[in-house]
Every structure is written in structure tokens, then in C-alpha cells.
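Residue numbers (our numbering): 1 to 396.
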């Protein structure tokens, strides 16, 4: 991230150049700028708006806060950290100077509250945690990830983003005689403007002694916070109701392909696949609720105990049930409501991100109780590029 001072200086120069254009137009008594001036004015305005976004991001990151900047400088691998007791020339993070997380945190706290030997009052700030590692604490089990199907991801250059969603595809291509009018195919796309949302949560307060004594606890909590964001993101992609800061998820989106219940569950599911085969959609994944997947696995012919309709079940032994599901990957997730199933080309949903996942700690606000809290957050947006590529199937 560029320094906020440099960003502001650059913005001031661009603003001065833009003012010079309007001054030149006024000086010659013209009512409008010439094409060259108009194009230059437009480009300068775009650059200024981009810088405004970057400056806003830098302010949120604490670059306007001297204490936060001191913390960032302390964490950086600066030479000769000057912390009391450190050897000259050692670097923050080196084994000889501050080899573990606790020492790096101490460096940051000392740096944030000292200047030329004068100790300052402690102010709330944050310190970046080390990179994610595998936890030694055994976490609770999670279902397989829907997010693994969401392979279309784009980095948004600013808080706002735009995408195109296809609403109509009617192919009227045909053989045409000489001099005859060619048929028109209807390929309708609609621009959609949206903005990134902030997905975040906090940990409970944690006694600082645990941070010092148990390395695996730190990694465990970072992992849990990270995975919690993914859990919530999957819930938004499927079930967001579009109110407040929520996405408009697949199950609440307009234009999806509705598949009604027909005779029984296997017939209904196979009918959904036939619908997509007819439309030319190439689905990349099934998703069922665990209850519905279990009911399929245990479905018997005429109630005969050992005669299962799907010999290999929903997920295991797919060769025995390809007549219903094809060779398409199958996933079980509790985020799909019971009584519904999804068949989709999951490449037609795009995730917009900016900056990745950030996990930080606040070791200062809990000074009186000697505790620390973690915060994990991400900026994320979602776009359905072709709603009709998502079949919402009724199983009853």
C-alpha cells in the first residue's frame, strides 16, 4: 500500500492540473473545452477518484494514526530495532533478536509507545499476525466447501464494481438465401453496479498468558476465524436475502431455473439434468442437504430391505447412480435448505474481492484485564453472471 502522504501529494498535483485546464478555457473566453482538454480533464478526474479510494483505504488501515504507523514500523523487519535488550543490528523477527510471535508483539508495543526514549500513553492499535499454519488443536468438523465450486474470482480495483448478467439467449441462426434478411438472435445482457461488503467477526477476549504459552492456540484461533468467514460467505452466496448488507443469494435471485417436483426424487433430479442438457448449460456441481442425500441413499425399491434404488448412493460409488446424476461432482451441504437441491454451472457466479482476508489483534484495549481480542475480516462482493444457469429443484 502506498504511503498516504504520497497519495495526497499526487492527488493535489492532479487537482492542480485539472484546475489549470478550466482556467485556460476561462482565460480565452470559451464556453466549452476543446476535445483534447475534455479528454485530459476526464482522465485526471478518473485518476483523482482512484486516489480518493486509495486514500480512504489508507485511512481505514490507520496510516493517518501516528500510533498505528509506529506499530506497522515496529512489525516491519527494520534493522537495529533499538528495543531495550536487543543487540545492535538485529532485526525484528530474527531468532537472535525477536524470534517468536510474543517478542514481535513486544517490539510493536514498545515501538508504538516510545519516541526518543520517552514513554507515551498506551493507545489502542492493531498488529498483524503471522502467516496461517496448520493448528495443533483439533478443530470441530465442517462440511465440504461450496466455495470450492466458486472458481471465478476477480480483484476489484475499488469499493464499487460492475458486471454484466445475461438474461436472455435465443439462438435464431439459420441458413439464409442470397439477398435475404438474416435472422436476429436475442442475446440480452444487463449491466449491474454493486459495491463490496465487509464480512467480519471478533474473537472473545483471550488472556495474554495463553498467547505466550501456547503457540498452537494462536494458529487454531486464526484458522477458526478464517474458516468462519468462509462459512458465512457460503451462506450469503446461497441464502442472502438482499436486505441491508446481505448479498442477494442464489435462492433469492430472480431469473434462476425452477424445477418442480415430478413423481419422485430421482425422477425430479434427472429431469433437472435434462432441462440443462436441452438448454445447453453444462453444470459443474450438485448440492443437496444432508437429510435429502441420506433419503436418496436409503431409497429402496418397493420397500425391499436390500434393494436400494441408487446402489452406490448419492456420493459413494457414482457409477451406480450416473443414470440420475451424470458424472457431475456431488456435494452435501447444510446451507441448502432441506427439500431443495441445486444443480448449477458454478462458474457463472463471480466473487469480487479486495485485499484478501485480514486478521489482526488488539492487545491494548484489554490492558486492565491483560487480555487480547482478534478480528478477522474481508471485503467481498458477488455477481450472478447468468442466473438461468442455476437450477433450484423442489424435492417434494
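The beta-carbon is built from N, C-alpha and C at its ideal position, and this holds for glycine as well. Every value quoted in this text rests on a predicted model; they were computed, and no experiment measured them.
Distance, residue j Cα to residue i Cα
| i | j | result |
| --- | --- | --- |
| residue 395 | residue 372 | 48 Å |
| residue 365 | residue 248 | 36 Å |
| residue 198 | residue 381 | 9 Å |
| residue 329 | residue 9 | 53 Å |
| residue 15 | residue 196 | 27 Å |
| residue 244 | residue 35 | 42 Å |
| residue 13 | residue 46 | 14 Å |
| residue 183 | residue 348 | 28 Å |
| residue 55 | residue 228 | 29 Å |
| residue 42 | residue 241 | 37 Å |
| residue 171 | residue 163 | 23 Å |
| residue 94 | residue 222 | Here the model assigns residue 94 a pLDDT of 42, short of 50, so the residue's position is not dependable, and the following value carries that caveat. Roughly 22 Å separates the two Cα atoms. |
| residue 6 | residue 377 | 27 Å |
| residue 335 | residue 235 | 6 Å |
| residue 309 | residue 148 | 29 Å |
| residue 219 | residue 226 | 11 Å |
| residue 50 | residue 375 | 27 Å |
| residue 279 | residue 263 | 22 Å |
| residue 273 | residue 258 | 12 Å |
| residue 260 | residue 224 | 38 Å |
| residue 158 | residue 379 | 11 Å |
| residue 340 | residue 145 | 18 Å |
Residues of its chain near residue i, where Cβ-Cβ distance is below 7 Å and the 5 sequence neighbours each way are ignored
| i | result |
| --- | --- |
| residue 155 | 353, 354 |
| residue 102 | Confidence at residue 102 is low in this model, with a pLDDT of 46, below 50, so the placement of that residue is unreliable and no value is reported for it. |
| residue 232 | 199 |
Own chain, CB closer than 6 Å to residue i, minus 5 neighbours either side, in chain order
| i | result |
| --- | --- |
| residue 256 | 387, 390, 392 |
| residue 291 | 338 |
| residue 205 | 366, 371, 373 |
| residue 126 | Here residue 126 scores only 43 on pLDDT, less than 50, and its place in the model should not be relied on; the value that follows carries that caveat. For residue 126, where only same-chain residues beyond five positions count, the Cβ hits under 6 Å are 360, 362. |
| residue 250 | 238, 390 |
| residue 253 | 384, 387 |
| residue 276 | 283 |
| residue 84 | Unreliable positioning characterises residue 84 in this predicted model, as indicated by a pLDDT of 44, which lies under 50. The coordinate reading is nonetheless provided below. Around residue 84: no qualifying Cβ. |
| residue 271 | 262 |
| residue 246 | 240 |
| residue 133 | Annotation note: pLDDT 37 at residue 133 (below 50); position unreliable, no value reported. |
Host alpha helix (DSSP H) of residue i (start-end)
| i | result |
| --- | --- |
| residue 393 | Unbroken run through residue 393 is the beta strand (DSSP E), 390-394; no alpha helix (DSSP H). |
| residue 36 | 35-60 |
| residue 211 | 208-213 |
| residue 256 | From DSSP, residue 256 is part of no alpha helix (DSSP H); its letter is neither H nor E. |
| residue 324 | 322-325 |
Per-residue burial, residue i [other beta carbons within 10 Å of its own, 16 or more giving buried]
| i | result |
| --- | --- |
| residue 179 | exposed |
| residue 191 | exposed |
| residue 345 | buried |
| residue 268 | buried |
| residue 282 | exposed |
| residue 165 | buried |
| residue 185 | exposed |
| residue 151 | exposed |
| residue 202 | exposed |
| residue 175 | exposed |
| residue 129 | At residue 129, the pLDDT of 40 sits below 50, so the modelled position is not reliable; the number obtained from the coordinates is stated separately. Residue 129 should be labelled buried. |
| residue 301 | exposed |
| residue 216 | exposed |
| residue 193 | exposed |
| residue 39 | exposed |
| residue 30 | exposed |
| residue 28 | exposed |
| residue 177 | exposed |
Cut-off 8 Å between Cβ atoms - residues of its own chain near residue i, not counting five sequence neighbours on either side
| i | result |
| --- | --- |
| residue 37 | 21, 24, 25 |
| residue 314 | 288, 293, 296, 297, 321, 325, 330, 332 |
| residue 173 | 183, 185 |
| residue 187 | 166, 168, 169, 170 |
| residue 11 | 48, 51, 52, 55 |
| residue 59 | 4 |
Run of the beta strand (DSSP E) containing residue i, from where it starts to where it stops
| i | result |
| --- | --- |
| residue 265 | That residue, residue 265, is in no beta strand (DSSP E); its alpha helix (DSSP H) goes 265-279. |
| residue 23 | Segment 4-27 is the alpha helix (DSSP H) holding residue 23; no beta strand (DSSP E) there. |
| residue 362 | 349-362 |
| residue 194 | 186-195 |
| residue 177 | No beta strand (DSSP E) contains residue 177, which DSSP labels as neither H nor E. |
| residue 152 | 152-155 |
| residue 291 | Run containing residue 291: none in the beta strand (DSSP E); it sits in the alpha helix (DSSP H), 290-297. |
| residue 261 | Counting along the chain, residue 261 falls outside any beta strand (DSSP E), and DSSP gives it neither H nor E. |
| residue 383 | 371-384 |
| residue 314 | Per DSSP, residue 314 belongs to no beta strand (DSSP E) and is neither H nor E. |
| residue 149 | It is not in any beta strand (DSSP E) - residue 149 carries neither H nor E in the DSSP assignment. |
| residue 368 | Here residue 368 belongs to no beta strand (DSSP E), and DSSP marks it neither H nor E. |
| residue 160 | 160-170 |
Query raised in the report: Does the count of Cβ pairs from the segment 356-370 and the segment 195-212 closer than 8 Å reach three?
Result: yes
Query raised in the report: How do the segment 279-293 and the segment 321-335 stand: do at least 3 beta-carbon pairs fall below 8 Å, yes or no?
Result: yes
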